[in-house]
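See below for the structure under consideration.
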Amino acid sequence: MGRLLKTLSKLLSVITLILILLIILGSIFSDQVRSNVVTLVDILGSSGLQGLAVAIFLLYMMREVPSQFGKLIKAKGFNKKFWDSL
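Residues in the sequence shown are numbered consecutively from 392, following my numbering.
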C-alpha cells in the first residue's frame with residue numbers, strides 16, 4: 392500500500408510539473424494563455440476570502456515545482472533518473 396501511495400504521489404508531482412511548464416511556455420508563445428492567466432488572477436483577487444483560500448491552495452500545490460524543475464534539468468529530461476529522484 393505504501394508503494395502505491397508513493398507512486399501516486401510521484402505521478403501527481405509529474406503532472407503538476409508538466410502543467411506548470413505548459414502554462415509557462417504557453418504564456419510566452421500564446422496571447423490567449425496569457426490572458427487566461429491574467430483573468431484567473433483577477434477573478435481570484437476579486438472573490439474575497441474564497442479567492443484568497445483558492446490562491447493559497449494553488450500556491451501550496453506548486454511549492455515543490457522549482458526543486459522538481461531543477462531535478463528535471465539535472466536528469467536531462469523525463470527519464471528513470473528523474474522518476475527516482477522524486
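Where is the CB? At the ideal position from N, CA and C, for every residue including glycine. Being a predicted model, the structure only gives us computed values, none of them experimental.
- prompt: With distances taken between CB atoms, is the gap from LEU408 to GLN441 smaller than 7 angstroms?
  reply: no
message: For the pair the segment 445–453 and the segment 461–470, tell me if three or more CB-CB distances fall below 8 angstroms.
response: no
query: Do SER404 and LEU477 come within 7 angstroms of each other at the CB atom, strictly closer than that value?
result: yes
message: Quick check on PHE469: buried or exposed, where buried means 16 or more other Cβ atoms within 10 Å of its Cβ?
response: exposed
query: Once you ignore the five residues that flank MET453 on each side, which residues in its own chain have a CB closer than 8 angstroms to its CB?
result: THR407 and ILE411
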